[in-house]
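Have a look at the structure below, then the notes.
Shown next, in the form of structure tokens:
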């Protein structure tokens, strides 16, 4: 069964550094998402992406964050200058079609640790 | 703003027994979607069951069923004949009809005991 994959599984970085988290959504899916989960807290929506542009974003998704689909398979989340509070699990998800509220399929997550 | 509340941080159940996980939500919307996701230890979240708010009939998927009470804004998950593989974090989630911003509850850690 097709799955969403994410790399790396764990990323350690110094505060102020840029990080890029990578995701490969399910191949025929059209909507892509990023969520994060700070340890012990809720899973929070960051951004959704459709047709090569952001369709929705939360208040968390400020100018430090950006997303990109650089080729036909990858979907990336970039954090320009990481802060300690960016330490979290970051989940990528994708959904199939143009129908709103299609089921979202999640990747295994990338654990980001900012030192 | 939409909020999702799961009031049970942890629950346990004996194998083969039935357990119910609670979820309440707050919204002024009339059309929306509700989901239960399961996150096994060290594995990704997978969808267990979903419910469209406009459907009165409660969704069921094999051993999993929901009790959707729209007026009470309650969406509980019942797991029948619990199996050891059901041990996981369970997240309740809400999505409005016109966007993809999914809101999650804090999760309930379920342990199925042999």
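Protein chains in written order, with the working numbering: chain H, 779 to 893; chain U, 345 to 458. The beta-carbon is built from N, C-alpha and C at its ideal position, and this holds for glycine as well. Keep in mind it's a predicted model, so treat the numbers as computed, not measured.
7 Å Cβ cutoff, residue i in contact with chain U
| i | result |
| --- | --- |
| residue 826 of chain H | yes |
| residue 881 of chain H | yes |
| residue 848 of chain H | no |
| residue 803 of chain H | no |
| residue 884 of chain H | yes |
| residue 845 of chain H | no |
| residue 856 of chain H | no |
| residue 821 of chain H | yes |
| residue 831 of chain H | no |
| residue 834 of chain H | yes |
Nearest residue (CA-CA) to residue i, options the options
| i | options | result |
| --- | --- | --- |
| residue 824 of chain H | H:785, H:809, H:837, H:882 | H:837 |
| residue 421 of chain U | U:452, U:373, U:456 | U:452 |
| residue 873 of chain H | H:889, H:809, H:847, H:885 | H:809 |
| residue 377 of chain U | U:433, U:447, U:362 | U:447 |
| residue 784 of chain H | H:880, H:839, H:812, H:893 | H:812 |
| residue 408 of chain U | U:399, U:445, U:457, U:381 | U:381 |
| residue 892 of chain H | H:851, H:795, H:780 | H:795 |
| residue 426 of chain U | U:354, U:355, U:363, U:379 | U:363 |
Any C-beta of chain H under 7 Å from that of residue i
| i | result |
| --- | --- |
| residue 391 of chain U | yes |
| residue 445 of chain U | yes |
| residue 388 of chain U | yes |
| residue 450 of chain U | yes |
Between the CA atoms of residue j and residue i - distance to the nearest angstrom
| i | j | result |
| --- | --- | --- |
| residue 370 of chain U | residue 393 of chain U | 20 Å |
| residue 385 of chain U | residue 831 of chain H | 33 Å |
| residue 375 of chain U | residue 391 of chain U | 20 Å |
| residue 412 of chain U | residue 438 of chain U | 13 Å |
| residue 806 of chain H | residue 817 of chain H | 32 Å |
| residue 373 of chain U | residue 415 of chain U | 12 Å |
| residue 357 of chain U | residue 786 of chain H | 35 Å |
| residue 860 of chain H | residue 443 of chain U | 28 Å |
| residue 853 of chain H | residue 822 of chain H | 18 Å |
| residue 841 of chain H | residue 802 of chain H | 23 Å |
| residue 835 of chain H | residue 858 of chain H | 17 Å |
| residue 882 of chain H | residue 875 of chain H | 10 Å |
| residue 887 of chain H | residue 845 of chain H | 16 Å |
| residue 856 of chain H | residue 406 of chain U | 40 Å |
heavy atom of the ligand FMN below 6 Å from residue i C-beta
| i | result |
| --- | --- |
| residue 870 of chain H | Ligands displayed in this structure: none; no statement on the ligand FMN is therefore possible. |
Cβ distance (whole Å) where residue i is taken to contact residue j below 8 Å
| i | j | result |
| --- | --- | --- |
| residue 867 of chain H | residue 800 of chain H | With 8 Å as the limit, residue 867 of chain H and residue 800 of chain H do not qualify as a contact, their Cβ atoms being about 15 Å apart. |
| residue 870 of chain H | residue 782 of chain H | 6 Å |
| residue 418 of chain U | residue 368 of chain U | 5 Å |
Chain-ordered neighbours of residue i on chain C, where CB pairs are closer than 8 Å
| i | result |
| --- | --- |
| residue 435 of chain U | Absent from the structure: chain C. Protein chains present are H and U. |
I want to know whether the region 430-444 of chain U touches the region 347-360 of chain U - three or more CB-CB distances under 8 Å. yes
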